[in-house]
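Residue numbers (the numbering used here), protein chains in the order written: chain A, 55 to 426; chain B, 2 to 407.
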């Protein structure tokens, strides 16, 4: 016997979605028998709409579909919302919504919980080998997108940084790219504000962020190890690798699109609720980052209105590098018109999140191959 | 016959004496245990961490300490032989899925009888208190903007989502109490301002079944409130310093030193209150809440009339248009506190520097001895070869430590 209550209609929609359906709630009209109520309470509108959108992309596995419906959006934000038209208007609780009208941001929140779980489930990257007794002593500083992959490769090869009388290598590139790279690294690590907010505060600072102020980094180390051991290396990964003692040639990792970085930024804090900070960063760089890099998309760039600021910072950095008493390999490039977008796009971030969920399991051989 | 364990699960609301209750429970754990009640916590904020873990909620880095905390708490409850109490106010915001997990892991439906406890206070006091709490957590939005956002029926954005998540009593009770019989849902009302401070405690005692236990009640942990001008000052500081002051320093310097230790002592300035024009809206909600709670048949400890706030204050002090004299007075007090704290740190720095200099002098003296240099050279030579390394290992073992230092 079928029930004709609005709740029965909602349960029928749940069954439809679990069966791979894509009909929006606003166009749904069928009822479900009482025995089709698949859990204690109706899943939230965000979860149901995310499943519908996934079904539109590609049929998810039954396990993934069930996980989507059983996962609350993590952290602070709107609670799991009711479906409009199901329950009588209540004076209490958040107002019910038409799931089709939810902003993509709400669906991304749910998706990040699942991606975070998958990232952690992928397991820790392989442990580094025992440090070699005979290895070049180095310290690697500067642009995180250039230094982190090289340092990780060196550590994995038994060549951790540090020790006395080390050669200090400060790696960098043009100021605009370095800014994007700092935001990217923080998105994959301890967390950072949205790109527009973060960039706005960076351009208000009197100088560059510490991590990419190549001249300040080099000067600081001259005082500790002497000028002969400090090298600033601009846009020359081979030289940076040689100076640090890397024995194997390795290709640079694929850059992330603006939307991929945004998805990483949204996911990292959730991973941080599941594992300790150092594991979070390793998992984000070595498990999730390669998967995100496999999906093409426009890169992030600095808006044109900041061009005068970029010019000023570049000239200032050039002058300070020229005045330093350490080796500078290469020249700091002038800011140029870069292709890309000035901010991530919510719809594209959602699409990417769904592609990641529907793609090969994070950390699997297939995912790694696609990432290459 | 299976013994049924009672778990009193206190899920909110904030600003209802929860910190004091948690302080008393934490410091009386041994006594409670002797009476067959477990308050499973190895640190004061253990239940807060468990709540963060349950809801996967980042909280300024604290979440790293919270990993696995809910399961550990639930396991401790299930393994205990007696009844248990869990209390944290942010649990009020949990979703149905998270609540389902919480109840399942605590053993609901098996050998555990869950008693939900919600302490509630009138909205007329809760609304300004929540804005003040936001300001003490770096918020820079004005009181007017805060009020506009929480009155917006769409409830979108962080502020209204959090506010209603932790304050809308009927909704919290509906989410948490859906699977429980109404007689197992206990609503503790906070008495009106000016009443006996012991009355609320007596109600907590009744709700948690603590009657007859001679609990140590001293050492109160307060979450002191600020006046309107003082809250305005903190908000202005937030606006000016938020971008540059790192989160790790905000809490000790702004929240603790300025707000709690300094500005909360200015008790003669006008208190923060609900604006008279917002009062009717809040009163309307209070009436609806009282009617709903009564209709659902929950166990009310106290009086539902307590949830009716006091009438509008006659001399409302608007924190968005404050008495600038009072704000500058508060600023002078704040500056004095920062200066004194800075001087204390300077003294500490001088003392530490002297210690460091002394250690450095002694180290240099040790390094300069010819015997040290000879020993250093010998160790380096020995460690260069496998047989030498073996010898060094044997020597270190014989010496009784495995340090590699020479």
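Note that beta-carbon positions come from the ideal geometry of N, C-alpha and C, so glycine has one too. None of these values were measured; they are calculated from a predicted model.
Between the CA atoms of residue j and residue i - distance to the nearest angstrom
| i | j | result |
| --- | --- | --- |
| residue 41 of chain B | residue 163 of chain B | 27 Å |
| residue 290 of chain B | residue 171 of chain B | 6 Å |
| residue 66 of chain A | residue 161 of chain A | 21 Å |
| residue 203 of chain A | residue 291 of chain A | 11 Å |
| residue 284 of chain B | residue 124 of chain B | 8 Å |
| residue 30 of chain B | residue 225 of chain B | 25 Å |
| residue 225 of chain A | residue 38 of chain B | 60 Å |
| residue 439 of chain B | residue 370 of chain A | Summary: the structure shown does not reach residue 439 of chain B, with chain B confined to residues 2 through 407, and so no result is reported for it. |
| residue 287 of chain B | residue 60 of chain B | 31 Å |
| residue 95 of chain A | residue 78 of chain B | 26 Å |
| residue 361 of chain B | residue 194 of chain A | 29 Å |
| residue 131 of chain A | residue 216 of chain A | 43 Å |
| residue 297 of chain B | residue 188 of chain B | 11 Å |
| residue 398 of chain A | residue 314 of chain A | 8 Å |
| residue 375 of chain A | residue 324 of chain A | 40 Å |
| residue 306 of chain A | residue 103 of chain A | 38 Å |
| residue 17 of chain B | residue 175 of chain A | 40 Å |
Within-7 Å CB hit, residue i to chain A
| i | result |
| --- | --- |
| residue 127 of chain B | no |
| residue 153 of chain B | no |
| residue 64 of chain B | yes |
| residue 96 of chain B | yes |
| residue 59 of chain B | yes |
| residue 358 of chain B | no |
| residue 172 of chain B | yes |
| residue 244 of chain B | yes |
| residue 133 of chain B | no |
| residue 409 of chain B | Shown here, chain B extends from 2 to 407; a query on residue 409 of chain B therefore has no answer. |
Residue i in three-state terms, based on DSSP
| i | result |
| --- | --- |
| residue 468 of chain A | Lying before the first or after the last residue shown, residue 468 of chain A is absent from chain A, which here runs from 55 to 426. |
| residue 221 of chain A | strand |
| residue 88 of chain B | strand |
| residue 286 of chain B | helix |
| residue 85 of chain A | coil |
| residue 206 of chain B | helix |
| residue 243 of chain A | coil |
| residue 166 of chain A | helix |
| residue 21 of chain B | helix |
| residue 174 of chain B | helix |
| residue 300 of chain B | strand |
| residue 137 of chain B | coil |
| residue 113 of chain B | strand |
| residue 36 of chain B | coil |
| residue 6 of chain B | strand |
| residue 322 of chain A | helix |
| residue 98 of chain A | coil |
| residue 93 of chain A | coil |
| residue 288 of chain A | strand |
| residue 399 of chain B | helix |
| residue 121 of chain A | helix |
| residue 59 of chain A | coil |
| residue 279 of chain B | coil |
Cβ-based burial, residue i [other Cβ within 10 Å; buried from 16]
| i | result |
| --- | --- |
| residue 11 of chain B | buried |
| residue 274 of chain B | buried |
| residue 42 of chain A | Outside the modelled stretch of chain A, which goes from 55 to 426, sits residue 42 of chain A, for which no answer is possible. |
| residue 285 of chain A | buried |
| residue 144 of chain B | buried |
| residue 287 of chain A | buried |
| residue 197 of chain A | buried |
| residue 377 of chain B | exposed |
| residue 404 of chain B | Any reading at residue 404 of chain B is ruled out, since the residue's pLDDT is 48, under 50, leaving its predicted position unreliable. |
Residue-chain proximity (residue i, chain B), Cβ-Cβ < 7 Å
| i | result |
| --- | --- |
| residue 418 of chain A | no |
| residue 255 of chain A | yes |
Within 7 Å of chain B by C-beta, residues of the region 324–354 of chain A in sequence order: Answer set for the region 324–354 of chain A: 324, 326, 327, 328, 329, 330 and 331.
Residues of the region 126–151 of chain A with Cβ closer than 7 Å to any Cβ of chain B, in chain order: Among the residues of the region 126–151 of chain A, those with a Cβ less than 7 Å away from any Cβ of chain B are 126, 128, 129, 130, 131, 132, 133, 134, 145, 146, 147, 148 and 149, in the order of the chain.
Determine which residues of the region 370–385 of chain A have a Cβ less than 8 Å from any Cβ of chain B, and write them out in chain order. Going along the region 370–385 of chain A in chain order, one finds no residue with a Cβ nearer than 8 Å to chain B.
Just by C-beta distance, which residues in the region 144–170 of chain B are closer than 8 Å to chain A? The region 144–170 of chain B vs chain A, Cβ under 8 Å: 154, 155, 156, 157, 159, 162, 163, 165, 166 and 169.
Chain A contacts from the region 263–297 of chain B (Cβ-Cβ distance under 9 Å): In summary, the residues of the region 263–297 of chain B whose CB is separated from some CB of chain A by less than 9 Å are 286, 289, 290 and 293, in the order they occur in the chain.
Using a Cβ cut-off of 7 Å, which residues of the region 88–119 of chain A contact any Cβ in chain B, in chain order? Correct list: 94 and 95.
Taking a cut of 9 Å between CB atoms, which residues from the region 163–179 of chain A lie near chain B? Residues 167 and 170.
May I ask you to list, following chain order, the residues of the region 64–85 of chain B that have a beta carbon less than 8 Å from some beta carbon of chain A? The residues in question are 64, 65, 67 and 68.
Using a Cβ-Cβ cut-off of less than 8 Å, list which residues of the region 99–125 of chain B approach chain A; keep chain order. So the list reads 99 and 101, given in the order they occur along the chain.
Any residues in the region 384–402 of chain A with a beta carbon nearer than 7 Å to a beta carbon of chain B? Which ones, in chain order? For the region 384–402 of chain A, no residue has a beta-carbon sitting nearer than 7 Å to a beta-carbon of chain B.
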